[in-house]
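Chemist: The structure is given below, and queries will be raised subsequently.
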Amino acid sequence: MAVGGYFVWSKMQAEAGELLASIIARKEAERVSGGGLFFWGIGNSLGQAVIDAAKLNGGSLPVMWSVMRSRPRAIDVAPAEVVRWTAYLDREGREYEVPPHVTVTSRRSGRSHHFALACCSASPLILGDHGPFDPSRCTTRSGKAPGASQVTALLSGPSELGQSGAPYRIAFRAELVAPWAVRLVRPVPFALPTDGAARR
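Residue numbering for the sequence shown follows numbering that gives the first Met the number 0, starting at 0 and increasing by one per position.
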């Protein structure tokens, strides 16, 4: 367990016109190409707190994903436009190119930024069942349980198995690594493939 019991939990579903199984398969190819490193796009910032927690834990932090309980929204299944993010800013505001093996996309929302987790895994990313998880038994940095609408959060509490009656299952895990959590910038239009399978 990480120092302080911190870990990142993210819920996932179809997004930017791409089915969840396709997203995971593509992220697995990204992981293989990047020697374990892949970026996972998220819609909200986790702030400096997640970086501080990772540094306190020796430079990394556990990350785990669960499938959303609700069906994907129509706007995520079939967005009007999709963009690809080409650069990111660190917490000091320095700009870097997104690694060449990484592709992070999102539906065009009018915002000039998006966010991503920098993750690493020595194991393949496979949509599986790695046990139950109950977010109501965990707390955010503010000391409250994560809200139902909260998709990605830095949590503290039990992330291990054995939570009977838990509403979520752990689909897969990885480690958060430097640069940990970044602000994505410089979006460019991304053409949806003819079969409608966009990229995340």
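Every residue, glycine too, gets a C-beta built ideally from N, C-alpha and C.
Fair warning: this is a prediction, and the values are worked out from it, not measured in the lab.
Straight-line CA distance for residue 6 to residue 166?
Modeler: About 18 Å.
Chemist: Relative to the C-alpha of residue 4, which residue among 59, 183, 19 is closest?
Modeler: Ranking the options by Cα distance to residue 4, first place goes to 59.
Chemist: Taking residue 136 and residue 123 to be in contact with their CB atoms under 8 Å, please state how far apart those CB atoms are, rounded to whole angstroms.
Modeler: 29 Å between Cβ atoms; not a contact.
Chemist: Around the C-beta of residue 187, are 16 or more other C-beta atoms found within 10 angstroms, so that it is buried, or is it exposed?
Modeler: Result: exposed.
Chemist: What does the alpha-carbon distance come out to for the pair residue 94 and residue 88?
Modeler: Each residue's Cα considered, the two are about 5 Å apart.
Chemist: Taking the alpha carbon of residue 184 as the reference point, which residue from 61, 129, 85, 131 has its own alpha carbon closest?
Modeler: Residue 184 has its Cα closest to that of 85, out of 61, 129, 85, 131.
Chemist: Would you tell me roughly how many angstroms separate the C-alpha atoms of residue 75 and residue 13, rounded to the nearest one?
Modeler: Using only the alpha carbons, I get a separation of about 7 Å.
Chemist: Please specify which runs of the beta strand (DSSP E), each continuous and at least 3 residues long, are wholly inside the stretch 43–126, giving them in chain order.
Modeler: Segments of the beta strand (DSSP E) lying fully in the stretch 43–126: 60–66, 81–88, 94–96, 104–106, 113–119.
Chemist: Short of 7 Å in beta carbon distance, which residues of its chain neighbour residue 155, apart from the five on each side in sequence? Order them along the chain.
Modeler: Cβ neighbours of residue 155 beyond the five flanking positions: 3, 4, 5, 137, 138.
Chemist: Report the option in 119, 121, 150, 115 whose CA atom is closest to the CA atom of residue 182.
Modeler: Closest option to residue 182, Cα to Cα, is 115.
Chemist: Got a sec? Which residues, its chain only, sit under 8 Å from residue 174 by beta carbon, not counting five neighbours each side?
Modeler: The answer, listed in chain order, is 59, 60, 61, 62, 118, 119, 120.
Chemist: What does the alpha-carbon distance come out to for the pair residue 48 and residue 9?
Modeler: Rounded to whole angstroms, residue 48 to residue 9 spans 16 Å at the Cα level.
Chemist: Look at the alpha carbon of residue 68 and the alpha carbon of residue 148, and state the distance between them as a whole number of angstroms.
Modeler: Each residue's Cα considered, the two are about 11 Å apart.
Chemist: Whose C-beta lies closer than 8 Å to the C-beta of residue 179 among residues of the same chain, with five residues either side of it excluded?
Modeler: Around residue 179: 49, 50, 53, 60, 116, 117.
Chemist: State the DSSP-derived secondary structure class of residue 143, mapped to helix, strand or coil.
Modeler: In this structure, residue 143 counts as coil in the three-state DSSP scheme.
Chemist: Helix, strand or coil for residue 197, going by three-state DSSP, please let me know.
Modeler: Because residue 197 carries a pLDDT of 43, less than 50, the predicted location of this residue cannot be relied on, and the following value inherits that uncertainty. Correct three-state label for residue 197: coil.
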